[in-house]
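Trainee: Order-wise, the sequence lines are chains A and B.
Using the working numbering, read the first sequence as starting at -2 and increasing by one per residue.
Using the working numbering, read the second sequence as starting at 2 and increasing by one per residue.
Where is the CB? At the ideal position from N, CA and C, for every residue including glycine.
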Amino acid sequence: SSSFEHHPKTAAQNAANAFCVVASGTMASLTTASRTGSVASGKAFPDIDHGVTKHPYERRFSPYELGGGTVVGVSPPGANFAVLAGDTRLSSGYEILSRKQSKLFKLTSKCCIASSGSYNDVKQLRHVLEMRNKTYADRCGKEVTTPSMAHLLSRTLYSRRFFPYYAFNVLAGVDEENLGAVYSYDSVGTLQRYPYSAAGTAAEHMEPLLDNLVAEKTRQDKRETPLTLEECKELVKELFVTAGERDIYTGDAVEIAVITADGIETEFFELKKD
Amino acid sequence: MMEVNGSAMIVMAGKNCVGIASDRRLGWNKQMTVACDFQKVFQLNDRIIVGLAGLGTDVQSLRNLLRFRMNLYKLREEREMSPKAFSAMLASLLYEKRFGPYFVEPVVAGLNEDGKPFISSMDFIGAPTSAEDFVVQGTCYSQLHGMCESLYRPDMDQNALFETLSQCLQAAVDRDALSGWGAEVHIITPEGTYTRTLKSRQD
């Protein structure tokens, strides 16, 4: 069998290196030594190392894979709703794995999380948060509130600071005063409550437009009335149409969830399939 | 190499007019800002404006080279260069330096003889793309693409074109650390070129 050795690394080293398997010559060199000059005399073992023992090389397994896609959350200041949306495409490299994979996940009756990134980490994150919510509900007789859930997500992400969850999250819901809340994160748990947030592969395409239309930065003509729910939904659809044009990982359909004090409603909006 | 100095550029077509918008920052080593009035957009004749996004030194060298070539063409051919010919010449110039390139990604805004807009952009070794609506280049090209894709409509007149270009550029550069610090917009129409400097965030 092949003569690879696994070198265990200390926790302080780069997490990815833990999966690095170095082909070394230490064990095999003994067998090589015993086989010197054995070409003519016939070998005990066939020459199966293919030069690996003479020229060691590194094999690497990446624990992350970019599934692609984008998620957006919008809740204008003072609104009693939050809109959360994510496209439904799951990709791997240049291939599409699924056109109907949901990025949204309902955590409590008042909040929802949307995540793009590596789908394995997204699933695990959802599982962990759901477990914490259920345990809390069991013990305390009520669900976790949205701001608490937001902070819980932040701490969960930071607990894996040195081997991060490869998930780009947006959490949206209604808080205790029935005002809409959107929280944005990076992959190690930096938390910010802001009227809008975009995360994922086309986030950079969407953020300037959100700045311009929701926060009205760089605009001289400010809005008189705040954004209504219908306007927010139209804005989100427009954002995904734009993202679908320019980003290869975004497309197929958008799942839009509207979260109010009365509950969570979901609708689908078709996008280009290319 | 493109991110050493920072840049952001849009060229957009309107109805019988074409506009180009650019930022004015010059940075060093991705960290400091050393100028807020660095010119990256050059009007080469009445109907052609070229914007050069990328390494500052190459922007200036290429600008001199292009001016030289335009003048030589005018002397030899006794007529103005058309935007399409200019774009082809620029692509060829860049490819001459294929294995030691100019680190510049240009955008060309031109108006043909019949008043129709001409737009093109290329990568730093001269692969051209021509579009009907808009092209963008710079360190914040994702943000620029997103903004232009949403705000662009066909057949805008020069005032609407100016507004659209300003909003697209400003919103996009506000999301990029390496571009911004001032902005200018030029609109070429059959009557002439109108230039305006935008009042924008200085950060």
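1) Below 8 angstroms, can you find three or more Cβ-Cβ pairs linking the segment 130 to 141 of chain A to the segment 12 to 30 of chain B?
2) How about the segment 141 to 154 of chain B and the segment 250 to 270 of chain A: do they share at least three Cβ pairs that are nearer than 8 angstroms?
3) Once DSSP output is grouped into helix, strand and coil, what is the label at E2/A?
4) From this set, H148/A, G177/A, Y163/A, which residue's C-alpha is nearest T272/A's C-alpha?
5) Please work out which residues of its chain come closer than 8 angstroms, Cβ to Cβ, to V211/A, disregarding the five sequence neighbours upstream and downstream, and give them in chain order.
6) In chain A, what lies closer than 9 angstroms to R176/B by C-beta?
7) Verify the CB distance criterion: does E252/A have a CB-CB separation below 9 angstroms to chain B?
8) Do V108/B and M3/B count as a contact pair if the criterion is CB distance below 9 angstroms?
9) I want to check one thing, is the minimum distance from the CB of L207/A to the heavy atoms of the ligand ATP below 8 angstroms?
10) Cβ closer than 7 angstroms: which chain B residues qualify as neighbours of T239/A?
11) Pull up the CB-CB distance for R25/B and F43/B, whole angstroms please, since I reckon it's below 8 angstroms.
12) Thinking just about the alpha-carbon of each residue, which of L91/B, G57/B, A86/B is nearest to the one in S8/B?
13) Is the distance from the Cβ of L87/A to the Cβ of G64/A below 9 angstroms?
14) I'd like to check one pair, G114/A with L101/A: are the Cβ atoms closer than 9 angstroms?
15) Taking DSSP as the reference, what is the three-state secondary structure of T222/A?
16) Just to confirm my understanding: we take L152/B, look at its own chain, exclude 5 residues before and 5 after, and list those with CB closer than 7 angstroms. What are they?
17) I want to verify the contact list: residues of chain C whose CB lies under 9 angstroms from the CB of K214/A, in sequence order.
18) Using a cut-off of 9 angstroms between C-beta atoms, extract the partners of R243/A located in chain B.
19) Could you give the distance in angstroms between the alpha-carbon of F58/A and the alpha-carbon of F125/B?
20) Alpha helix (DSSP H) containing K103/A: first to last residue?
21) Taking the straight line between their C-alpha atoms, what separation do you get for N175/A and K131/A?
22) Less than 9 angstroms between the beta carbons of T190/B and C18/B, yes or no?
23) Could you tell me the alpha carbon to alpha carbon distance between T29/A and F160/A, rounded to whole angstroms?
24) Could you work out which residues of chain A lie near Q40/B, taking near to mean beta carbons separated by less than 9 angstroms?
25) L236/A CB to nearest chain B CB: under 9 angstroms?
26) May I have the straight-line CA-CA distance separating A169/A from V5/B, to the nearest angstrom?
27) Would you give the residue range spanned by the beta strand (DSSP E) that Y182/A belongs to?
28) Answer with yes or no whether the minimum CB distance from Q168/B to chain A is below 9 angstroms.
29) Are D208/A and D175/B touching if we call contact CB-CB under 9 angstroms?
30) At 4 residues or longer, and completely inside the segment 77 to 143 of chain A: list those alpha helix (DSSP H) runs for me, N to C.
31) Enumerate in chain order the residues of its own chain whose CB-to-CB distance from D204/B is below 8 angstroms, with the five nearest sequence positions on each side excluded.
32) Between L162/B and the rest of its own chain, which residues show a CB-CB distance below 7 angstroms, the 5 nearest in sequence each way excluded?
33) Can you name, in chain order, every residue of its own chain whose Cβ lies under 7 angstroms from the Cβ of F104/B, other than the five neighbours on each side?
34) Mapping the DSSP letters down to three states, classify N138/B as helix, strand or coil.
35) Since T143/A contacts V119/A with CB under 8 angstroms, what's their CB separation in whole angstroms?
36) Going by C-alpha distance, which of F87/B, R77/B, E78/B, T34/B is nearest L45/B?
Mentor: If we stick to the structure as given:
1) Contact between the segment 130 to 141 of chain A and the segment 12 to 30 of chain B is absent, because fewer than three Cβ pairs lie under 8 angstroms.
2) No, the segment 141 to 154 of chain B does not touch the segment 250 to 270 of chain A.
3) Taking the first sequence and counting its residues from 1, one reaches residue 2/A at position 5. In this predicted model, E2/A has a pLDDT of only 44, less than 50, meaning its place in the structure is not dependable enough to derive any value.
4) Any property of residue 272/A remains undetermined from this structure, which presents chain A solely from -2 to 271.
5) In the first sequence, the residue the question calls residue 211/A occupies position 214. Excluding sequence neighbours, V211/A sits near V71, P73, P192, Y193, L224, L232.
6) Here residue 176/B refers to the residue found at position 175 when the second sequence is read from its first residue. Result: E201, E204, P205, D208.
7) Position 255 of the first sequence holds residue 252/A. Not an interface residue.
8) In the second sequence, residue 3/B corresponds to position 2, counting from 1. In the second sequence, residue 108/B corresponds to position 107, counting from 1. The Cβ-Cβ distance between M3/B and V108/B does not fall below 9 angstroms.
9) As for the ligand ATP, it is missing from this structure, which has no ligand bound.
10) Mapped onto the first sequence, residue 239/A falls at position 242. Within 7 angstroms Cβ-Cβ: G147, E150, S151.
11) Here the question's residue 25/B lines up with position 24 in the second sequence. Here the question's residue 43/B lines up with position 42 in the second sequence. So it is not a contact: roughly 13 angstroms between Cβ atoms.
12) The residue given as residue 8/B occupies position 7 in the second sequence. It is G57/B.
13) On the first sequence, residue 87/A is found 90 positions in, with the first residue counted as 1. On the first sequence, residue 64/A is found 67 positions in, with the first residue counted as 1. In this structure, G64/A lies closer than 9 angstroms to L87/A by Cβ.
14) For the purposes of this step, residue 101/A is taken as the residue at position 104 of the first sequence. For the purposes of this step, residue 114/A is taken as the residue at position 117 of the first sequence. No, these two residues do not count as a Cβ contact at 9 angstroms.
15) To locate residue 222/A, count along the first sequence from 1; it is residue 225. When secondary structure is reduced to three states using DSSP, T222/A falls in the coil class, being assigned neither helix nor strand.
16) Taking the second sequence and counting its residues from 1, the one referred to as residue 152/B is at position 151. T165, Q168, C169.
17) Absence of chain C from the displayed structure is noted, the protein chains being A and B.
18) Locating residue 243/A in the first sequence gives position 246, where the first residue counts as 1. Under the 9 angstroms cutoff, chain B gives S143, H146, G147, E150.
19) Counted from its first residue, the first sequence places residue 58/A at position 61. Counted from its first residue, the second sequence places residue 125/B at position 124. If I take the Cα positions, the gap works out to 34 angstroms.
20) For this step, residue 103/A is matched to residue 106 along the first sequence. Per DSSP, K103/A belongs to no alpha helix (DSSP H); it is in the beta strand (DSSP E), 101 to 105.
21) Counted from its first residue, the first sequence places residue 175/A at position 178. Counted from its first residue, the first sequence places residue 131/A at position 134. One Cα belongs to N175/A, the other to K131/A, and the distance between them is close to 22 angstroms.
22) Residue numbering aside, residue 190/B sits at position 189 when the second sequence is read from its first letter. Residue numbering aside, residue 18/B sits at position 17 when the second sequence is read from its first letter. If you check the CB distance, T190/B and C18/B come in under 9 angstroms.
23) For this step, residue 29/A is matched to residue 32 along the first sequence. For this step, residue 160/A is matched to residue 163 along the first sequence. Legend: pLDDT at T29/A = 44, less than 50; position of this residue unreliable, no value from coordinates given.
24) Within the second sequence, numbered from 1, the residue matching residue 40/B stands at position 39. Simply none; closest approach about 22 angstroms.
25) On the first sequence, position 239 is the one that residue 236/A refers to. With its beta carbon less than 9 angstroms from one in chain B, L236/A belongs to the interface.
26) Here residue 169/A is taken as the residue at index 172 of the first sequence, counted from 1. Here residue 5/B is taken as the residue at index 4 of the second sequence, counted from 1. Linking A169/A to V5/B through their CA atoms gives a straight-line distance of about 37 angstroms.
27) Indexing the first sequence from 1 puts residue 182/A at position 185. Annotation for Y182/A: the continuous beta strand (DSSP E) segment containing it runs 177 to 182.
28) Within the second sequence, residue 168/B is the residue found at index 167, counting from 1. Closer than 9 angstroms: yes.
29) In the first sequence, the residue the question calls residue 208/A occupies position 211. In the second sequence, the residue the question calls residue 175/B occupies position 174. A distance below 9 angstroms separates the beta carbons of D208/A and D175/B.
30) 116 to 137, all fully within the segment 77 to 143 of chain A.
31) As a working note, residue 204/B is residue 203 in the second sequence. Excluding positions up to five away in sequence, the list reads G181, W182.
32) Locating residue 162/B in the second sequence gives position 161, where the first residue counts as 1. The answer, listed in chain order, is M13, G15, C18, G20, I188.
33) If you number the second sequence from 1, residue 104/B lands on position 103. The beta carbon of F104/B sits closer than 7 angstroms to those of M2, M3, G55, L56, D59, F125, all from its chain and outside the five residues before and after it, given in chain order.
34) Here residue 138/B refers to the residue found at position 137 of the second sequence. A quick correction: the sequence has Gln, not Asn, at residue 138/B. Reduced to three states, the DSSP call for Q138/B is strand.
35) Residue 143/A sits at position 146 when you count from the first residue of the first sequence. Residue 119/A sits at position 122 when you count from the first residue of the first sequence. That pair is no contact at about 20 angstroms.
36) Against the second sequence, residue 45/B aligns to sequence position 44. It is F87/B.
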